[in-house]
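Sequence order for the protein chains is R and V.
Per the working numbering, the very first residue in the first sequence carries number 1; after that it's consecutive.
Per the working numbering, the very first residue in the second sequence carries number 1; after that it's consecutive.
We put the beta carbon where it would ideally sit given N, CA and C, even for glycine.
Just so you know, these numbers come straight off a predicted model, no measurement behind them.
First up is the structure itself, then whatever we jot down about it.
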Amino acid sequence: MSEALVATQAPEALASGASGARQFWRRLRTQRAATVAAGIVALLVLVALAAPLLTALEGQDPTTYHPSLIDSARGGVPTGSLGGISGHHWLGVEPQTGRDLFARLVYGARVSLGVAFSATVIQVFVGLVVGVAAALGGRWIDQLLSRITDIFVALPLMIMSLALLAIVPQSFPRPVLVTLVIGLISWGSIAKIVRAQTLTLKGLDYVAAARLSGWGAWRIARRELLPGLAAPVITYASILIPVNISVEAALSFLGVGVKPPTPSWGQMLTAADVWYQAAPQYLLLPAGALFVTVLALAVLGDGVRTALDPRAASRLGVGTGRGRGRGREAVTTAKEESA
Amino acid sequence: MRHPSVTSARAAYVSLALVVAAGAAACGPKDNDANGSSGDSTPHKGGTLTVLNSDPQTDFDPARLYTSGGGNVPSLVFRTLTTRNRADGAAGTKVVPDLATDTGRPSKNATVWTYTLKKGLKYEDGTAITSADIKYGIERSFAPELSGGAPYLRDWLVGAADYQGPYKDKKGLSAIETPDDRTIVFHLNKPEGEFPFLATQTQFTPVPQAKDTGTKYEEHPVSSGPYKVVKNENDGEHLVLERNKYWSAAVDDQRKAYPDTIDVQSGLDSSVINQRLSASQGTDAAAVTTDTNLGPAELAKVTGDKELAARVGTGHFGYTNYIAFNPKVKPFDNPKVRQAISYAVDRSSVVNAAGGSALAEPATTFLPNQKSFGYTPYDLFPAGDTGNAAKAKELLKEAGYPNGLTVTLTHDNADNFKTSPEIATAIQDALKKAGITVKLQGLEDNNYSDTVHSVKTEPGFFLAAWGADWPSGGPFLAPIFDGRQIVKDGANFNASQLNDASVNAEIDAINKLTDLDAAAQRWGALDKKIGAQALTVPLFHPVYKRLVGKDIKNVVISDWTGVLDISQVAVK
Numbered sequence: 001m002s003e004a005l006v007a008t009q010a011p012e013a014l015a016s017g018a019s020g021a022r023q024f025w026r027r028l029r030t031q032r033a034a035t036v037a038a039g040i041v042a043l044l045v046l047v048a049l050a051a052p053l054l055t056a057l058e059g060q061d062p063t064t065y066h067p068s069l070i071d072s073a074r075g076g077v078p079t080g081s082l083g084g085i086s087g088h089h090w091l092g093v094e095p096q097t098g099r100d101l102f103a104r105l106v107y108g109a110r111v112s113l114g115v116a117f118s119a120t121v122i123q124v125f126v127g128l129v130v131g132v133a134a135a136l137g138g139r140w141i142d143q144l145l146s147r148i149t150d151i152f153v154a155l156p157l158m159i160m161s162l163a164l165l166a167i168v169p170q171s172f173p174r175p176v177l178v179t180l181v182i183g184l185i186s187w188g189s190i191a192k193i194v195r196a197q198t199l200t201l202k203g204l205d206y207v208a209a210a211r212l213s214g215w216g217a218w219r220i221a222r223r224e225l226l227p228g229l230a231a232p233v234i235t236y237a238s239i240l241i242p243v244n245i246s247v248e249a250a251l252s253f254l255g256v257g258v259k260p261p262t263p264s265w266g267q268m269l270t271a272a273d274v275w276y277q278a279a280p281q282y283l284l285l286p287a288g289a290l291f292v293t294v295l296a297l298a299v300l301g302d303g304v305r306t307a308l309d310p311r312a313a314s315r316l317g318v319g320t321g322r323g324r325g326r327g328r329e330a331v332t333t334a335k336e337e338s339a
Numbered sequence: 001m002r003h004p005s006v007t008s009a010r011a012a013y014v015s016l017a018l019v020v021a022a023g024a025a026a027c028g029p030k031d032n033d034a035n036g037s038s039g040d041s042t043p044h045k046g047g048t049l050t051v052l053n054s055d056p057q058t059d060f061d062p063a064r065l066y067t068s069g070g071g072n073v074p075s076l077v078f079r080t081l082t083t084r085n086r087a088d089g090a091a092g093t094k095v096v097p098d099l100a101t102d103t104g105r106p107s108k109n110a111t112v113w114t115y116t117l118k119k120g121l122k123y124e125d126g127t128a129i130t131s132a133d134i135k136y137g138i139e140r141s142f143a144p145e146l147s148g149g150a151p152y153l154r155d156w157l158v159g160a161a162d163y164q165g166p167y168k169d170k171k172g173l174s175a176i177e178t179p180d181d182r183t184i185v186f187h188l189n190k191p192e193g194e195f196p197f198l199a200t201q202t203q204f205t206p207v208p209q210a211k212d213t214g215t216k217y218e219e220h221p222v223s224s225g226p227y228k229v230v231k232n233e234n235d236g237e238h239l240v241l242e243r244n245k246y247w248s249a250a251v252d253d254q255r256k257a258y259p260d261t262i263d264v265q266s267g268l269d270s271s272v273i274n275q276r277l278s279a280s281q282g283t284d285a286a287a288v289t290t291d292t293n294l295g296p297a298e299l300a301k302v303t304g305d306k307e308l309a310a311r312v313g314t315g316h317f318g319y320t321n322y323i324a325f326n327p328k329v330k331p332f333d334n335p336k337v338r339q340a341i342s343y344a345v346d347r348s349s350v351v352n353a354a355g356g357s358a359l360a361e362p363a364t365t366f367l368p369n370q371k372s373f374g375y376t377p378y379d380l381f382p383a384g385d386t387g388n389a390a391k392a393k394e395l396l397k398e399a400g401y402p403n404g405l406t407v408t409l410t411h412d413n414a415d416n417f418k419t420s421p422e423i424a425t426a427i428q429d430a431l432k433k434a435g436i437t438v439k440l441q442g443l444e445d446n447n448y449s450d451t452v453h454s455v456k457t458e459p460g461f462f463l464a465a466w467g468a469d470w471p472s473g474g475p476f477l478a479p480i481f482d483g484r485q486i487v488k489d490g491a492n493f494n495a496s497q498l499n500d501a502s503v504n505a506e507i508d509a510i511n512k513l514t515d516l517d518a519a520a521q522r523w524g525a526l527d528k529k530i531g532a533q534a535l536t537v538p539l540f541h542p543v544y545k546r547l548v549g550k551d552i553k554n555v556v557i558s559d560w561t562g563v564l565d566i567s568q569v570a571v572k
């Protein structure tokens, strides 16, 4: 009997998951700021992926020196107006080296976004595993994992990162290292959220039914809990990405991030900070890029949270997507509206 | 001639960095523009001179200071047997008498040096300065608790190697004799024609034994110079100096001492210092810095402003930034590889990375481009302005690397425009054209210094810099190329670990000369001879540019220090 119950519920859950995704997109689209932010993020990702193509289009690369474009006698300030902006150098050149700033900026996007996204994936993965294991494991396991989580929440990310990045040998690929350090230090909050949500879900009937029918913990976690954890995890991850971008920039700014000549926005900021008067565009470009990216991701994260929050559904006038309680009525309303 | 002892050599290195950082400049020896910045350029006595510095005057004890020529602020309080000539440009590289009547009378083989003190020399309390006080000042610099000075005295004085200072060893140093109150005689264990240069360091200042308070002496050292310390707050962060009424210009022809008060404020950020000097508001109008240069970005701003540009002084301190090879590491054991890199280097991009042509001059010789060092121009592996990639490729082929080569360049992560990532990246870019792939290994500042100065961990290919303790070829070449100065355990500066009998013999031979011009010529010839081995790639000599406040007059910058001499500055 219980087998049958579970068997019928699974496809239903899947179906509700699929329609949930549809609902999610619809609700996200109704928020104008989030839509614009999503567009900007998509564009940035595209720029990062297409960096070699874009620079080839411009006819430049991020590392070649152009001594003829700078005034050596004046400290290496770019010659020409607006920091040497021209048809060949769309955003001008770097003081002291004459390296193309557009190329450095788009290649820098790869580092910033790549590190931030990968680190977020690690944080989510570790957080999920630890959170679910704590919630489903016995009292001892829960105690142990929760205390470990507390320790990681309490760790100061910047100080730990600085220390770790300083002691790891130089031969270790730097972007990977930065990713690992960020990802493996600051997963505590996500683990806490996952644990709390899992404990709530664990008490719900359908999970109890699955357990009663003799499913193992792993299968329950995968089939019954994960779909329910998606909303809080996605929400939190979307908040983590801009935080991680800032952390990577800060680490590069402090000189422990990626190594030269690989460009990164944080590194460009460090080099540019003294140039704010003599060559302002050199500072404004990476600062602006960071600002736009972090702002877009933060707005998008907020939109994602709103779209996944059942309470916001009525405000947005779009269905909740979850077939439970008042949500069912909301679905109906939405369907009527859309019909 | 730095002895290969661990701590001393380390101290030498650190202090050289400080000396360089401390290089103050206000007006060029050649472009004497700062003098005319205010209508009446005649200097007058009076007023308060403010000094805005980043590094505090810690260890304001003559025993502990490591200076080139007696230092800038210290030289206002501490007079020494000899001192640097307070004159613009090349004339400023000469040694002149200070407390003594001449620069020293050597014995025939330059192992015994005799000095006579001027008459009428007084401390700030009116008591007379005696030769015994100078002997005592030197002796206390041997005390372990007052360490920090240059290692030369310990290396040169007879029987001084294990001397522990006057607190433990009351007998004192027999190598220094004071037959009467005005005569002092030094006995050296080998000929040292450059002893007069050493006598400019603060260890040669008189310290009255009755007033010595050991490690507390730095709080109120007894002045022999034109100013005395009236306030020393936070371990040298804030220093106030006022006139010493017992000092007289009649017995000191070097220090002008125009201002009545000198207020030294340290612990400031370099950009703050330059900002305050360029604004020149309030007391900052009568301000200078003795340790902060203009950076490239600041220079770019200053050169665009006529009023500011007129207040920039330019100076040259004898200093060379170079690539060091360790021939014990493959492939740098192969001279052809070293030559290939010498040919491939693009000095224009390195100069740009160091701040551009106004802040760095390309170098093809190891010795600085100044006559006092014995500068002999040579360019044995001509790379032109931008590198000779074709010739480099040819040499690599001969060396057995027809398809190029991958090497690791070690540099410092600190932003110092000397051994920093910008310079390393510029070299990386230039060597790429010659088929040499350069991987960069950046180390944190302290780690970098430890790694490159230990024969056990020394990398094969790294960025280095060297400055001399005085403007002569000896202290420039000997620590780097004298085989007997290779230090097995501890700080080693002979990076190429060269131990060539003919080089060692020539160093000894030149040290015997008391004719410094003749010595300079031979240092130059020796530099060229060593240069042929391509053990280093000289990159550039830095140029110091510094701002002064708008009321500052009488700016003098010698080639000895490369920075404005604070004893000459007037504010009225």
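DSSP-derived helix/strand/coil call for residue i
i	result
Ala21/V	Unreliable positioning characterises Ala21/V in this predicted model, as indicated by a pLDDT of 36, which lies under 50. A coordinate reading is not provided.
Tyr217/V	helix
Ser38/V	Bear in mind that a pLDDT of 44 at Ser38/V, under 50, signals an unreliable position, so the model cannot answer this.
Trp113/V	strand
Glu458/V	coil
Ser146/R	helix
Thr283/V	helix
Arg32/R	helix
Trp560/V	coil
Lys432/V	helix
Proximal chain R residues relative to residue i, where beta-carbon distance stays under 7 Å
i	result
Pro196/V	Those within 7 Å of Pro196/V in chain R number zero; the least Cβ separation is about 38 Å.
Val240/V	Going along chain R, no residue has its Cβ under 7 Å from Val240/V, so there is no contact; the nearest lies around 31 Å.
Leu157/V	Those within 7 Å of Leu157/V in chain R number zero; the least Cβ separation is about 43 Å.
Test item: CB-CB of residue i and residue j under 7 Å
i	j	result
Gly610/V	Val51/V	What the structure shows of chain V is the stretch from 1 to 572, and residue 610/V is not part of that stretch, so it cannot be assessed.
Val574/V	Thr114/V	Since the first and last residues shown for chain V are 1 and 572, residue 574/V lies out of range.
Pro191/V	Thr111/V	yes
Asp61/V	Tyr167/V	no
Ile507/V	Ala468/V	no
Val345/V	Ala430/V	yes
Val178/R	Glu248/R	yes
Ala596/V	Tyr258/V	In the structure displayed, chain V extends from 1 to 572; residue 596/V sits before or after that span and is not available.
Ala324/V	Ala434/V	no
Val288/V	Asp263/V	no
Leu101/R	Leu91/R	yes
Gln209/V	Tyr136/V	yes
Run of the alpha helix (DSSP H) containing residue i, from where it starts to where it stops
i	result
Asn511/V	Ala501 to Asn511
Val476/V	Looking at the sequence shown, residue 476/V is not Val but Phe. Unbroken alpha helix (DSSP H) run through Phe476/V: Gly474 to Phe481.
Ala217/R	Ala217 to Ile220
Contact set between residue i and chain R, taken where Cβ atoms lie within less than 9 Å
i	result
Ala383/V	Going along chain R, no residue has its Cβ under 9 Å from Ala383/V, so there is no contact; the nearest lies around 14 Å.
Per-residue contacts from residue i into chain V (C-beta, under 7 Å)
i	result
Trp25/R	Under the 7 Å cutoff, chain V gives no residues; its nearest Cβ is about 45 Å from Trp25/R.
Lys259/R	Leu440 and Gly442
Closer than 9 Å at the beta carbon, the chain V residues around residue i
i	result
Phe70/R	Note that residue 70/R is Ile in the sequence shown here, rather than Phe. The contacting residues are Asn352 and Gly356.
Thr63/R	Thr425, Gln428, Asp429 and Lys432
Partner residues on chain V for residue i, Cβ-Cβ distance less than 8 Å
i	result
Arg74/R	Leu299, Ala300, Thr303, Gly304, Gly356 and Ala358
Gln170/R	Gln441, Gly442 and Leu443
Partner residues on chain R for residue i, Cβ-Cβ distance less than 8 Å
i	result
Gly295/V	Gly75 and Val274
Residue range of the unbroken beta strand (DSSP E) whose run includes residue i
i	result
Glu237/V	Here Glu237/V belongs to no beta strand (DSSP E), and DSSP marks it neither H nor E.
>> Does the region 63-78 of chain V come into contact with the region 194-211 of chain V, if we say contact requires no fewer than three beta-carbon pairs (one atom in each stretch) closer than 8 Å?
In response: Below 8 Å, enough C-beta pairs join the region 63-78 of chain V and the region 194-211 of chain V to call them touching: three or more.
> Using 8 Å as the Cβ pair cut-off and three pairs as the minimum, do the region 73-90 of chain R and the region 339-357 of chain V touch?
Replying inline: yes
> Quick one: any contact between the region 29-47 of chain R and the region 295-306 of chain R, if contact means 3 or more CB pairs under 8 Å?
Replying inline: For the pair of segments examined, the region 29-47 of chain R was found to touch the region 295-306 of chain R: the number of CB pairs separated by less than 8 Å reaches three.
> Contact between the region 435-446 of chain V and the region 207-220 of chain R: three or more CB pairs below 8 Å?
Replying inline: With the cut-off at 8 Å, the region 435-446 of chain V and the region 207-220 of chain R do not touch.
> Are the region 269-279 of chain R and the region 181-196 of chain R in contact at 8 Å, needing three or more beta carbon pairs?
Replying inline: no
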